[in-house]
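Number of protein chains: 2
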Amino acid sequence: MIVAEPGTGRLQGAFRALGDPTRRSILLLLRDRDMTIQEVSDRFPITRAAIKKHLDILETGKLISVHPSGRERVNRLEPAALAQANDWFDHFSRFWDGRLQALKTRVEQDETEDGTSAEPAKPEGNTSND
Amino acid sequence: MIVAEPGTGRLQGAFRALGDPTRRSILLLLRDRDMTIQEVSDRFPITRAAIKKHLDILETGKLISVHPSGRERVNRLEPAALAQANDWFDHFSRFWDGRLQALKTRVEQDETEDGTSAEPAKPEGNTSND
DNA sequence: TTAATATGACACCAAATGGTATTATAAAGG
DNA sequence: CCTTTATAATACCATTTGGTGTCATATTAA
C-alpha cells in the first residue's frame, strides 16, 4: 500500500502555500515589485513575525526567492512554481475531455472578492488589491 | 484597515480544498467516474470517516457535488469551482506580463510525482494515479 | 423479521497552523 | 560610539486539521 512520504513534494509545497489567503495576497503584492519583509508587513494588519512565517512558507514552496541585501531581505516572486501549480489544472483537464476549459469563467472578480482574512491595507484607498 | 471575514470566500474554499494532497487525489479519482464514499475510501489507506471529512471539505469548496441515492451518497466532480481556481492563475499572470505563461512547463509528471501522504491503493497495480 | 451495508454524528487526539510577544544580532547612520 | 532599523529566533497560545474509534440510523437483501 503505497503511502510514500508526506507533503514534501514540489507541487504540494506550492498548493499548500496557495491555500492561505494572506499568502495569495502577498503574491499579488510582489507582482508589482520586490519587497523587504518590512515593506510587505507594512501592508497587512498582522505582525511582521507572522508575515515572516508566511514568507518562509512561500519560499519553501518556491513561490518566492529571497535575496539578502545588507541587513534587508528582498523577497522576489518566482513564476516557475506558480506555473507548475497551474499545470496541475491543465493536466487535470487534459484527461477529462475539456470540461474544465469549457467552463473557464471570464475573470470578473479577483482575489479580493474572496474577502478572506488579512488584506493589504496601505496601498492607497485601494480596496481591490490585485 | 480592511480585514473582512475570514476564509469564507468562494476562491478560498477551492484553494483550501486543493491544499491537501489526499483531496487532490480524490479529485483525480472522481474524474473517471462518480463514486460513493465507500468506493473512494476503499482506494485509500485511511478510514472511511477521514475520507468523509475530506469529501465534506471538497463539497464546501464546491469542487464536488453530492447526490444521495438510497442509502448511498454519490460524489460527483464539479468543474466550475476548479475552473475558478484555475482562473486565479490566469488573472495573476494577465497583469504580470506573461512571465507565467512563458514558463508553463510541459506536464511531464502528474500529481503522483508529488508522492504525498495517502495515495489510492486498490486501482490495479497502478502506481501513477491520474 | 433479521442481518448486512452505507452513511452520519460524535468525542477524542496529536500535530500543524496562524498568530502573538520578547529577546538577540547585524547593519546603517548620526 | 550610540542609536535606530531590519531581521532572526524562540517560546508560547488558541484553533484548525487530519486522523482515529464508537455508536446510531436508514436502506437493502435474505
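Going down the list, the protein sequences come from chains E and V.
Here the working numbering is used: the first residue of the first sequence is 129, the next is one more, and so on.
Here the working numbering is used: the first residue of the second sequence is 129, the next is one more, and so on.
Virtual Cβ for every residue (Gly too), placed ideally from N, Cα, C.
Item	Value
Rounded C-alpha distance that separates glutamine 166 of chain V from glutamate 167 of chain E	50 Å
Status (buried if at least 16 other CB within 10 Å, exposed otherwise) for aspartate 215 of chain E	buried
Local Cβ density within 10 Å of threonine 150 of chain E, reported as buried at 16 or more and exposed below that	buried
Any C-beta of chain V under 8 Å from that of glycine 147 of chain E	yes
Proximity of lysine 263 of chain V and glycine 141 of chain V at Cβ, strictly below 8 Å	The structure shown does not extend to residue 263 of chain V, since chain V is modelled only from 129 through 258, so no value can be given for it.
Whether tryptophan 224 of chain V touches arginine 159 of chain E by CB criterion (8 Å)	yes
Any non-hydrogen atom of the ligand ADP within 7 Å of leucine 210 of chain E CB	What this structure holds is no ligand at all, so the ligand ADP is not there to describe.
Proline 196 of chain E burial status per 10 Å Cβ neighbour count (16 or more: buried)	exposed
Rounded straight-line distance, which links the Cα of isoleucine 192 of chain E to that of leucine 183 of chain E	8 Å
Cut-off 7 Å between Cβ atoms - residues of its own chain near leucine 139 of chain V, not counting five sequence neighbours on either side	Gln212, Ala213 and Trp216
Beta carbon proximity, leucine 210 of chain E to chain V, threshold 8 Å	yes
Within-8 Å CB hit, arginine 204 of chain E to chain V	no
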